[in-house]
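Just below is one structure, and these are the notes that go with it.
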Amino acid sequence: MLSLEHIKKTFHPGTVNEKCAMRDLSLHLKEGDFATIIGSNGAGKSTMLNAIAGSFYVDEGSIFLNGKNITFEEEYKRSRMIGRLFQDPLKGTAPHMTIEENLALAYLRASRGSIPFSRISKRDKAFFKEQLSLLEMGLEDRMKQPVGILSGGQRQALTLLMATLVPPKLLLLDEHTAALDPGTAEKVLDLTRKIVEKNHITCLMVTHNMQQALELGNRTLMMDDGNIVLDVEGQERMDMTVSALLEKFRIGAGKALDNDRILLS
Numbered sequence: 001m002l003s004l005e006h007i008k009k010t011f012h013p014g015t016v017n018e019k020c021a022m023r024d025l026s027l028h029l030k031e032g033d034f035a036t037i038i039g040s041n042g043a044g045k046s047t048m049l050n051a052i053a054g055s056f057y058v059d060e061g062s063i064f065l066n067g068k069n070i071t072f073e074e075e076y077k078r079s080r081m082i083g084r085l086f087q088d089p090l091k092g093t094a095p096h097m098t099i100e101e102n103l104a105l106a107y108l109r110a111s112r113g114s115i116p117f118s119r120i121s122k123r124d125k126a127f128f129k130e131q132l133s134l135l136e137m138g139l140e141d142r143m144k145q146p147v148g149i150l151s152g153g154q155r156q157a158l159t160l161l162m163a164t165l166v167p168p169k170l171l172l173l174d175e176h177t178a179a180l181d182p183g184t185a186e187k188v189l190d191l192t193r194k195i196v197e198k199n200h201i202t203c204l205m206v207t208h209n210m211q212q213a214l215e216l217g218n219r220t221l222m223m224d225d226g227n228i229v230l231d232v233e234g235q236e237r238m239d240m241t242v243s244a245l246l247e248k249f250r251i252g253a254g255k256a257l258d259n260d261r262i263l264l265s
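Numbering (the working numbering), first residue to last: 1 to 265.
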């Protein structure tokens, strides 16, 4: 479904700021896979998601989505197949536009591509209201209100809905609950789980919570120094504890994980 083949990316090559962000990275996701990703700052997690989304072109290697080579496809074209959420709840929505207008933009982009003069029908608006009600946040009664007045959790839930209103081929979640309070984060995670399962969406989710990384989805990846050093799934993952995961990382990376944010989460 998604294949990364020998991906390499170096930023600022030939300068004092040269940084090799991905080193011969390969990954294959089957349709319906939900893989959680964990690793220290600078391990390459967000860089890998950026490469998949098309935020930059890789130096070497290939990226395939549903059998199509998208290595050099523009980001806006990939966005019709790839949904994405960021850590910052302020990203992903237009604050001065209403909830309905934000949903309309997301829906038109994903469902109708670049067809000019597309319009939202009464049936579309009824669909938006129905989908908003599933969030259980009362947003279905606030469709004419600007997104900027919503709380961080409400905005992130709305962004999740926008990214999956037309189910994408692939959903990228870059620590999308990290900026939320624990209660709200848990609610957004539960929404994420339900939406991904209901629509059978292939998903990559970056998290700093190791227990979460073992409980959500069906695969856990650990990254270090621009590469994947651990990939566990199936019964091995079901039986794995956080301590065992740390030991597997130590063996795979050749060093202990030393990120306090992850270890204390």
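C-beta: ideal position from N, C-alpha, C; glycine also.
{"Check": "Determine whether the beta carbon atoms of L189 and T36 lie at a separation below 7 Å.", "Outcome": "no"}
{"Check": "Between L170 and T202, is the Cβ-Cβ spacing less than 7 Å?", "Outcome": "yes"}
{"Check": "Evaluate contact between the segment 247-255 and the segment 61-81, counting only Cβ atoms and requiring at least three cross-stretch pairs below 8 Å.", "Outcome": "no"}
{"Check": "Hey, would you say E140 sits closer than 7 Å to K129, going by beta carbons?", "Outcome": "yes"}
{"Check": "Apart from the five residues on each side of it in sequence, which residues of its chain come closer than 6 Å, Cβ to Cβ, to S111?", "Outcome": "V166"}
{"Check": "Provide the residue span of the alpha helix (DSSP H) that contains I70, from first to last.", "Outcome": "It is not in any alpha helix (DSSP H) - I70 carries neither H nor E in the DSSP assignment."}
{"Check": "DSSP three-state call for T36: helix, strand or coil?", "Outcome": "strand"}
{"Check": "Cα separation between K8 and R142?", "Outcome": "45 Å"}
{"Check": "Name the two residues that bound the continuous beta strand (DSSP E) containing L221.", "Outcome": "219-224"}
{"Check": "Using alpha carbons as the reference points, say which of M223, L135, V232 lies closest to A21.", "Outcome": "M223"}
{"Check": "Nearest CA to the CA of D239: which residue from L85, N218, R80?", "Outcome": "N218"}
{"Check": "Please identify the residue among P89, F56, S133, K187 whose C-alpha is closest to the C-alpha of A179.", "Outcome": "P89"}
{"Check": "Taking contact to mean at least 3 C-beta pairs separated by less than 8 Å, is the segment 53-60 in contact with the segment 88-105?", "Outcome": "no"}
{"Check": "Considering A21, what are the terminal residues of the beta strand (DSSP E) in which it resides?", "Outcome": "19-29"}
{"Check": "First and last residue of the alpha helix (DSSP H) that includes V188?", "Outcome": "182-199"}
{"Check": "By the DSSP assignment, the alpha helix (DSSP H) with M238 in it spans what residues?", "Outcome": "234-238"}
{"Check": "Would you mind sorting Y107 into buried or exposed? The rule is 16 or more other CB atoms within 10 Å of its CB.", "Outcome": "buried"}
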